[in-house]
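Have a look at the structure below, then the notes.
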Amino acid sequence: EAGVAQSPRYKIIEKRQSVAFWCNPISGHATLYWYQQILGQGPKLLIQFQNNGVVDDSQLPKDRFSAERLKGVDSTLKIQPAKLEDSAVYLCASSLGSGGAYEQFFGPGTRLTVL
Amino acid sequence: DAKTTQPNSMESNEEEPVHLPCNHSTISGTDYIHWYRQLPSQGPEYVIHGLTSNVNNRMASLAIAEDRKSSTLILHRATLRDAAVYYCILREYNNNDMRFGAGTRLTVKP
Numbered sequence: 343e344a345g346v347a348q349s350p351r352y353k354i355i356e357k358r359q360s361v362a363f364w365c366n367p368i369s370g371h372a373t374l375y376w377y378q379q380i381l382g383q384g385p386k387l388l389i390q391f392q393n394n395g396v397v398d399d400s401q402l403p404k405d406r407f408s409a410e411r412l413k414g415v416d417s418t419l420k421i422q423p424a425k426l427e428d429s430a431v432y433l434c435a436s437s438l439g440s441g442g443a444y445e446q447f448f449g450p451g452t453r454l455t456v457l
Numbered sequence: 067d068a069k070t071t072q073p074n075s076m077e078s079n080e081e082e083p084v085h086l087p088c089n090h091s092t093i094s095g096t097d098y099i100h101w102y103r104q105l106p107s108q109g110p111e112y113v114i115h116g117l118t119s120n121v122n123n124r125m126a127s128l129a130i131a132e133d134r135k136s137s138t139l140i141l142h143r144a145t146l147r148d149a150a151v152y153y154c155i156l157r158e159y160n161n162n163d164m165r166f167g168a169g170t171r172l173t174v175k176p
């Protein structure tokens, strides 16, 4: 079974530039998550989708971050404009169902460096 | 989500069992106990989860205290590949949220 795919794996941009990350979840997984992991910390949830609808985006900095999940499959996370503090690993995860009974499967992440 | 407490770091010798503790004294009756691990430069990896009873899978065993206020992740024979940060997380049955703490950094010595 193929895992969660993410691209690109690495990205270096200047501050105030824009950047987008792509995620392809495991086939059949209805729930998709984006996390931000700053060096030395645990991942922090940014947004979660159930099919193509947003379930929770309370921790997403909406003035600069946006995400969409068209057709309930692939998802993109965008940052515009980027700030230095956005340097982090952006992780995508998916799960078969919602709630604590289901495990989440993570992709390898995209490491973003903002200069 | 209820809070968990884990030691910052632990060491183990290769091929010996490892017991990673987690305290969650404020756990509710509907909280699942999840364990994930993160190897260097990789995304987190699911290890095991349970609700009330002990659980076993090919990766590890999860021992849950009778009062559910603590749990222990057991790696039966540690290998160098098991060196990682291990996260113990509580998740409500009807909540997708998963809040990571600092975890336990496990070092495995050859």
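Taken in order, these protein sequences are the chains called A and B.
Per the working numbering, the first sequence starts with residue 343, numbered consecutively.
Per the working numbering, the second sequence starts with residue 67, numbered consecutively.
Each residue gets a CB set at the ideal place from its N, CA and C atoms; glycine is no exception.
- Here W376(A) is not near I355(A), since their CB atoms are 7 Å or more apart.
- In this chain, the beta strand (DSSP E) harbouring R171(B) covers T170 to K175.
- When C-beta distances to chain B are compared with 9 Å, the residues of the stretch 434–455 of chain A below that value are C434, A435, S437, S440, G441, G442, A443, Y444, E445, Q446, F447, F448, G449, P450, G451 and R453, in chain order.
- If you ignore the 5 residues before and after S91(B), its C-beta comes within less than 7 Å of the C-beta of K135, all in its own chain and listed in chain order.
- Pairing Y152(B) with L172(B) gives a Cβ-Cβ distance under 7 Å.
- Among the residues facing chain A, G116(B) is not included, as its CB has no counterpart in that chain under 7 Å away.
- In the structure shown, E82(B) falls within a coil segment according to DSSP collapsed to helix, strand and coil.
- Counting C-beta pairs with one atom in each stretch, the stretch 354–369 of chain A and the stretch 132–150 of chain B have fewer than three that are closer than 8 Å, which means they do not touch.
- Comparing alpha-carbon positions, the option among G370(A), A435(A), Q348(A) and G442(A) lying closest to E111(B) turns out to be A435(A).
- From the listed residues M125(B), E132(B) and E158(B), the smallest Cα separation to R143(B) is found for M125(B).
- Closer than 7 Å at the C-beta level to chain A, one finds these residues of the stretch 138–153 of chain B: Y153.
- Within the model, the alpha-carbon separation for A168(B) versus H100(B) is close to 14 Å.
- The beta-bridge partner set that DSSP reports for N394(A) is empty.
- With a minimum length of 3 residues, the unbroken runs of beta strand (DSSP E) contained wholly in the stretch 354–440 of chain A fall at 361–366, 373–379, 386–392, 395–398, 407–410, 417–421 and 430–437.
- Contact annotation: in the stretch 72–100 of chain B, residues whose CB is within less than 8 Å of a CB in chain A are T96, D97, Y98 and H100.
- Among the CB atoms of chain A, none fall inside 7 Å of the CB of R124(B).
- When L156(B), N161(B), N162(B) and P176(B) are compared, the shortest CA-CA separation from I93(B) is found for L156(B).
- Between the alpha carbons of D133(B) and V397(A) lies a gap of roughly 32 Å.
- For S349(A), same chain residues with a beta-carbon under 8 Å away, outside a window of 5 residues either side, are F363, W364 and T452 in chain order.
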